[in-house]
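J.: Residue numbers (the numbering used here), protein chains in the order written: chain A, 1 to 370; chain B, 1 to 370. Just so you know, even glycine gets a beta-carbon here, dropped at the ideal spot from N, CA and C. As the structure is a computational prediction, the values presented were derived from the model and not from experiment.
Pasting the structure below:
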């Protein structure tokens with residue numbers, strides 16, 4: 001097991017990554033909070049609960065109250081949060097209650113937001129069950145839900161008391177989800193961790209074969225990268241922006257395909273391809289570095305093919321939350337292991353990046369047909 | 001005009017109380033935020049906007065986007081917040097946008113919560129238009145909405161950048177609302193400000209006659225009391241509890257009459273009568289002090305009569321948010337100008353306090369009949 005400290009102006013907590021955490025969850029939480037409160041709530045999905053609920057539950061002397069959030073992005077809504085909050089109120093949740101968000105990214109985002117606003121904020125821990133949630137969404141305190149107008153448009157910054165990333169639960173994760181999640185680790189390496197890039201290159205077989213030691217290494221390194229960035233810039237006023245490498249066009253891609261064709265990590269993968277192109281054009285990476293990183297993305301793919309017009313994609317990128325005062329921000333790789341944010345991307349450059357990316361995504365499509 | 005500083009670990013801002021603030025709102029906000037952002041949003045009620053919208057709007061070079069929240073507690077919901085958030089997204093609100101909550105307590109609570117969660121938090125100012133909102137709800141950063149299971153069960157702590165309490169707008173406030181709001185000033189005096197109690201006793205005619213100087217004095221003193229308490233205990237872990245004098249049974253009274261018979265301040269007025277009885281019983285106030293404070297409450301009444309059984313009332317008090325881990329907290333006056341929190345109130349005492357209060361409230365009813 002590895003322990004990674006997150007240390008921001010408003011919170012300090014540990015992320016634990018390793019095997020067997022779930023089997024010992026209650027005592028582990030107790031070690032963090034002192035004594036378990038009278039009421040413990042678990043927000044989870046029916047699928048995860050069916051697979052792993054017993055394992056979690058048997059660690060508690062008194063069974064926690066289980067609240068279900070149906071799977072799927074379409075349930076990441078204010079209405080779901082209200083429904084869960086009402087169930088908590090009916091079950092007697094008070095300010096001293098503890099919530100455990102036990103599931104993938106959506107459960108973490110919704111559960112965290114629920115904890116953020118229930119009685120103006122109660123304590124919670126994250127127990128992420130997907131690779132993506134473990135390396136990305138469970139760390140950093142971002143919580144929230146979608147509006148019809150866009151993803152994550154309402155939410156809170158609300159840090160958990162601890163994060164327990166159990167590598168064992170990844171055993172039941174579908175292969176496609178693991179691959180998509182690994183794109184965030186690829187991103188982590190590109191923006192901040194040259195050694196992680198090398199490890200991912202050299203141990204692709206072990207990682208994709210779910211070797212526990214290799215996974216723990218990748219997950220811990222990815223979390224360490226994110227924890228470091230979040231500790232330096234909790235509110236995303238500067239540095240934290242680099243975590244959005246691949247997200248400008250990645251989000252647009254998800255939106256333009258109505259969140260149906262691609263998993264988030266896959267969209268970010270394609271978005272990184274676009275960012276590499278723009279980085280090359282701006283000279284922040286060399287042709288060799290671009291080639292090397294594209295090969296890495298391919299190695300952890302294949303990313304699903306997409307057919308779309310570049311113009312439509314660029315239009316879809318307009319409502320991205322990261323644009324303050326209408327400025328279009330774009331994260332570019334700087335060499336390997338560093339990144340920077342530019343604000344002066346022209347519409348032509350954006351179109352060029354989209355065309356390059358969609359060209360590659362189209363190739364993927366035609367390869368699949370042939 | 002008086003300026004009162006709120007200074008908490010997470011925020012520092014000024015509350016301005018005086019006449020003519022609305023007529024100069026935009027430049028005043030500018031003085032606080034530096035430069036007005038590209039998009040300014042106003043959340044308000046149709047009634048307030050009809051009366052005072054022009055006055056506010058003409059201070060802005062570029063007209064702000066106006067979002068309406070219909071009047072009434074029944075609109076203080078997650079659904080309203082979501083609707084307003086969607087309107088903001090459609091109008092292009094981003095993280096740099098500014099929101100003005102312009103109305104009574106409900107507009108302030110909903111508008112503040114909207115600002116707290118829109119894109120995980122944007123800047124806002126409070127421009128409260130009722131006495132109650134000016135002296136109480138606009139100061140301290142508490143925001144939120146109701147669930148079917150109880151009031152203010154979801155929300156955030158989110159401080160405004162500034163509060164502008166314009167005494168001029170109270171000119172159109174219905175008399176009953178002014179009286180109800182004054183109960184919070186009576187409370188402020190009882191728990192923390194002996195001089196305010198005296199001022200309220202000696203200048204009741206001027207205050208109730210809406211003399212601007214008298215009102216400014218009462219409002220500023222009430223805000224100063226609250227700002228002081230909030231600065232010492234932002235998250236209501238201790239001292240801030242004393243602001244809940246009269247609220248345990250006051251909330252129960254509102255709930256038992258389904259928020260229809262009484263305004264919040266009126267319910268708090270009755271709740272304070274119950275708290276005085278319990279304070280007398282516990283010996284935290286003398287018989288003379290009890291009599292004096294009851295006279296003061298009566299002077300700023302009359303509180304509307306209520307007919308209810310004490311048992312039903314006590315049952316309704318069970319779901320109060322302030323009870324952590326099932327402990328029943330109760331705020332008691334300590335002499336005049338001080339208060340304390342007790343946690344060992346017995347069911348019998350609670351029933352006794354409810355019976356005393358309802359007896360007085362019943363007397364009021366029979367007096368009205370005869």
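Would residue 76(A) be called buried (16 or more neighbouring beta carbons within 10 Å of its own) or exposed?
T.: By one-based count along the first chain, residue 76(A) stands at place 76. Residue 76(A) comes out buried.
J.: Going along the chain, which residues of its own chain have a beta-carbon closer than 8 Å to the beta-carbon of residue 312(B), five neighbours each way excluded?
T.: For this step, residue 312(B) is matched to residue 312 along the second chain. Cβ within range, chain order: 256.
J.: Which residues of chain A have a Cβ atom closer than 7 Å to the Cβ of residue 167(B), listed in chain order?
T.: Position 167 of the second chain, counted from the first residue, corresponds to residue 167(B). In chain order: nothing, as chain A lies at least about 29 Å away.
J.: Specify whether the region 268-282 of chain B and the region 151-167 of chain B touch according to this definition: at least 3 beta carbon pairs, one from each stretch, less than 8 Å apart.
T.: Taking 8 Å as the limit for Cβ pairs, the verdict is that the region 151-167 of chain B does not touch the region 268-282 of chain B.
J.: Kindly indicate if chain A contains any beta-carbon less than 8 Å away from that of residue 142(B).
T.: Along the second chain, one-based indexing puts residue 142(B) at 142. Judged by the 8 Å Cβ criterion, residue 142(B) is in contact with chain A.
J.: So which residues on chain C does residue 118(B) lean against when the C-beta distance must stay under 8 Å?
T.: Structure shown: chain C not included; protein chains present are A and B.
J.: Scan the region 118-136 of chain A for residues whose Cβ lies nearer than 8 Å to a Cβ of chain B and list them as they occur along the chain.
T.: Cβ contacts with chain B come from 118, 119, 120 and 121.
J.: Just to confirm, are residue 330(B) and residue 314(B) a CB contact at a threshold of 8 Å?
T.: Sequence index remark: in the second chain, residue 330(B) carries index 330 (1-based). Sequence index remark: in the second chain, residue 314(B) carries index 314 (1-based). Result no, Cβ atoms of residue 330(B) and residue 314(B) do not sit closer than 8 Å.
J.: Taking residue 384(B) as the query, report the chain A residues whose CB atoms sit under 7 Å from its CB, ordered along the chain.
T.: Because chain B here runs from 1 to 370, residue 384(B) falls outside it and cannot be looked at.
J.: Listed in chain order, which residues of the region 64-83 of chain B have Cβ atoms closer than 9 Å to some Cβ of chain A?
T.: Listed in sequence order: 77, 78, 79, 81 and 82.
J.: Among residues of its own chain, excluding the 5 on either side of residue 164(A), which ones have a beta-carbon nearer than 6 Å to its beta-carbon?
T.: The residue you call residue 164(A) lines up with position 164 of the first chain. For residue 164(A), where only same-chain residues beyond five positions count, the Cβ hits under 6 Å are 16, 21 and 127.
J.: Along the chain, where does the beta strand (DSSP E) that runs through residue 333(B) open and close?
T.: On the second chain, residue 333(B) is found 333 positions in, with the first residue counted as 1. Segment 330-333, the beta strand (DSSP E) holding residue 333(B).
J.: For the alpha helix (DSSP H) that residue 110(B) lies in, which residues bound it at each end?
T.: Numbered from its first residue, the second chain carries residue 110(B) at position 110. Here the alpha helix (DSSP H) through residue 110(B) covers 105-117.
J.: Rounded to the nearest angstrom, what separates residue 230(B) and residue 8(B) at their Cα positions?
T.: Here residue 230(B) refers to the residue found at position 230 when the second chain is read from its first residue. Here residue 8(B) refers to the residue found at position 8 when the second chain is read from its first residue. In a straight line, the C-alpha of residue 230(B) is about 7 Å away from that of residue 8(B).
J.: DSSP three-state label for residue 250(B), please.
T.: One-based indexing of the second chain puts residue 250(B) at position 250. In the structure shown, residue 250(B) sits in a helix (DSSP, three-state: H, G or I).
J.: Strictly under 8 Å for the Cβ-Cβ distance: is residue 157(B) near chain A by that measure?
T.: Start at 1 with the first residue of the second chain, and residue 157(B) comes out as number 157. Residue 157(B) counts as touching chain A.
J.: How about the region 37-44 of chain A and the region 54-64 of chain A: do they share at least three Cβ pairs that are nearer than 8 Å?
T.: Yes, the region 37-44 of chain A touches the region 54-64 of chain A.
J.: To the nearest angstrom, how far is it from the Cα of residue 324(A) to the Cα of residue 94(B)?
T.: Against the first chain, residue 324(A) aligns to sequence position 324. Against the second chain, residue 94(B) aligns to sequence position 94. Because residue 324(A) sits at a pLDDT of 44, beneath the cut-off of 50, its placement in the model cannot be relied upon, and the following sentence gives the value as read from the coordinates. Each residue's Cα considered, the two are about 6 Å apart.
J.: With a threshold of 8 Å between beta-carbons, can residue 85(B) be considered close to chain A, or not?
T.: Along the second chain, one-based indexing puts residue 85(B) at 85. Answer yes: the Cβ-Cβ gap between residue 85(B) and chain A drops below 8 Å somewhere.
J.: Cβ closer than 9 Å: which chain A residues qualify as neighbours of residue 448(B)?
T.: The structure shown does not extend to residue 448(B), since chain B spans only 1 to 370, so no value can be given for it.
J.: Locate the alpha helix (DSSP H) running through residue 279(B), then write down its first and last residues.
T.: Position 279 of the second chain, counted from the first residue, corresponds to residue 279(B). From DSSP, the alpha helix (DSSP H) with residue 279(B) extends over 264-282.
J.: Three-state secondary structure (DSSP) at residue 208(A)?
T.: As a position in the first chain, residue 208(A) is number 208, starting the count at 1. Residue state, collapsed to three classes: helix.
J.: Would you kindly report the start and end of the unbroken alpha helix (DSSP H) that includes residue 180(A)?
T.: Locating residue 180(A) in the first chain gives position 180, where the first residue counts as 1. Run containing residue 180(A): 175-192, per the alpha helix (DSSP H) assignment.
J.: Below 8 Å, can you find three or more Cβ-Cβ pairs linking the region 255-269 of chain A to the region 296-307 of chain A?
T.: The region 255-269 of chain A vs the region 296-307 of chain A: in contact.
J.: Go through its chain and collect everything with a Cβ distance to residue 33(B)'s Cβ below 8 Å, but skip five positions before and after it.
T.: Position 33 of the second chain, counted from the start, is the residue given in the question as residue 33(B). Excluding residues within five positions, the ones whose Cβ falls inside 8 Å are 98, 123 and 161.
J.: Can you tell me which of the three DSSP states residue 24(A) falls into?
T.: Locating residue 24(A) in the first chain gives position 24, counting from the first residue. Helix, per DSSP.
J.: Give the C-beta separation of residue 4(B) and residue 188(B) to the nearest angstrom, bearing in mind that I take them to be a contact with Cβ-Cβ under 8 Å.
T.: Numbered from its first residue, the second chain carries residue 4(B) at position 4. Numbered from its first residue, the second chain carries residue 188(B) at position 188. Not really, about 12 Å apart at Cβ, beyond 8 Å.
J.: State the DSSP-derived secondary structure class of residue 308(A), mapped to helix, strand or coil.
T.: The residue labelled residue 308(A) in the question sits at position 308 within the first chain. Residue 308(A): coil per DSSP, three-state reduction.
J.: Alpha carbon to alpha carbon, what distance is there between residue 177(B) and residue 130(B)?
T.: For the purposes of this step, residue 130(B) is taken as residue 130 along the second chain, with counting starting at 1. For the purposes of this step, residue 177(B) is taken as residue 177 along the second chain, with counting starting at 1. Answer to the nearest angstrom: the Cα atoms are 8 Å apart.
J.: For residue 392(A), does the three-state DSSP call read helix, strand or coil?
T.: With chain A running from 1 to 370 in the structure shown, residue 392(A) is simply not present.
J.: Looking at the ligand FMN, does it come within less than 7 Å of residue 158(A), judged from the CB to the closest heavy atom?
T.: As far as ligands go, the structure on display features none, and thus does not contain the ligand FMN.
J.: Looking only at its own chain, which residues have a Cβ that is under 6 Å from the Cβ of residue 242(B), when we skip the five neighbours before and after it?
T.: As a position in the second chain, residue 242(B) is number 242, starting the count at 1. Result list for residue 242(B): 191, 331 and 339, in chain order.
J.: By the three-class DSSP mapping on this structure, what secondary structure does residue 169(B) have?
T.: Here residue 169(B) refers to the residue found at position 169 of the second chain. Here residue 169(B) sits in helix by DSSP.
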